[in-house]
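Residue numbering for the sequence shown follows the numbering used here, starting at 198 and increasing by one per position.
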Amino acid sequence: MKWKHVGRFQIMTVGLALSLVLLPGWRLARAEEPNYEKSDDFEKSKEEFGREKPPVDVRLGEKKEHHAKPAKERKTPAWLKGKTVGGWGGPTMNYLGLDLDVFEPLTEGRGLNEFHHDTWLIGGMGVGRIGPVRIGGMGFGDSQSQRKTVAGDERKATIDLAGGGGILELEGDLLPKVGLFGGAMLGGGNIRLSARGADLTDQEWDESETFFLAYPYGGLTVKVLPFMRLEATYGWLFFDYSPGGADYAPGPGVKAVDGSLSGAGTAQVRLLFGYETKLK
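Okay, structure coming up:
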């Protein structure tokens, strides 16, 4: 029989016959399988599952409470108790009444205008305070020049002044917002002269002199704000400036200095910023 002559009815008939033959065997196999739900083992497992289980302690170890140690209170040293401590710093300006006529050979002697006698020293300072004592440093300086064309020759003369050192002051309160103080600065100073022109041997010249500087003063403090104060002082700058010799003869018939300087009075204004407090 060829497959193409097999109809749908014949296929259904063969399938039904196979099912009738196989069904009794399948039922027999199912009957032979053990029924676990009706067995004694199943009943015992149900009873054991229903029993209350003892609590399980899953802690790995007893947790210990850690108490942070209180921070040690910083105690103020006995020698600082009740004392005012802090620090101040800021710009300063000095008016120095210095006679600069000794430099006329370098200026008027060469056809230039003389140096201004009004010398303004601009600088700064800073101090730390413990009790009535203030310790720190100060520095200041100024520079001025004269320039002029003489007979077609451009000539110039310059003077640079500088000074600075360590300071020690004692301060006391006069009123809640006003105080008095006195102090001194010990350090060094320098005056440098320079010139330019065809009348000089090398057309350019400069020389400097360094000296010891002492500056005693007294002053008044006005406490404008808790972090700002204005101070005014008056004192005297002591130094010895005595240059000379061939080093101060920059050209034929030209002198740089005629005389010496030994100090002058000076008034100073300070604008200081900082902070201070009284220790308990």
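Ideal Cβ placement from N, Cα and C applies to all residues, glycine included. Nothing here was measured: the structure is a model prediction, and the numbers come from that model.
Within the same chain, and ignoring the five residues on either side of Ser459 in sequence, the residues whose Cβ sits closer than 8 Å to its Cβ are Phe435, Phe436, Asp437 and Tyr438.
Judged by beta-carbon spacing, Gly384 lies beyond the 9 Å limit of Gly415, meaning their Cβ atoms are not closer than that value. The beta carbons of Lys475 and Lys420 sit no closer together than 9 Å. Under the three-state reduction of DSSP output, Asp296 falls in the coil class, being neither helix nor strand.
The closest CA to that of Gly394, considering only Glu351, Asp403, Thr355 and Phe409, is found on Glu351.
CA-CA distance, Gly336 to Gly386, rounds to 10 Å.
In the structure shown, Ala381 falls within a strand segment according to DSSP collapsed to helix, strand and coil.
A buried status is given to Asn291, since no fewer than 16 other beta-carbon atoms sit within 10 Å of its beta-carbon. Take the alpha-carbon of Ala354 and the one of Leu390: they are about 7 Å apart. Taken through DSSP and simplified to helix, strand or coil, Gly306 comes out as helix. The count of Cβ pairs closer than 8 Å, one atom from the segment 315 to 324 and one from the segment 274 to 293, reaches three, so the stretches are in contact.
Ala443 sits in a helix when the DSSP states are folded into three classes. Straight across, the Cα-Cα distance linking Gly363 with Lys272 is about 31 Å. Across the set Tyr472, Glu401, Pro423 and Ala411, the C-alpha of Glu401 shows the shortest separation from the C-alpha of Gly448. C-alpha of Gly328 to C-alpha of Ala446: approximately 52 Å in a straight line.
With a cutoff of 9 Å on beta-carbon distance, Leu293 and Trp317 are scored as near each other. About 6 Å separates the beta carbons of Tyr412 and Ala381, which is inside the 8 Å limit, making them a contact pair. Pairing His313 with Leu277, the inter-Cα distance amounts to about 49 Å. In the DSSP assignment, Pro413 falls within the unbroken beta strand (DSSP E) covering Glu401 to Leu422. In the structure shown, Glu301 falls within a helical segment according to DSSP collapsed to helix, strand and coil. Here Ala453 is not bridged, per DSSP, to any residue.
Distance between Tyr472 and Arg331, taken at the CA atoms: about 13 Å. Where Thr316 is concerned, the enclosing beta strand (DSSP E) starts and stops at Asp315 to Ile327. In its chain, beyond the 5 residues on either side, Gly360, Gly384, Gly385, Gly386 and Phe436 have a beta carbon closer than 6 Å to the beta carbon of Leu410. Counting only the Cα atoms, Thr407 lies some 32 Å from Val347.
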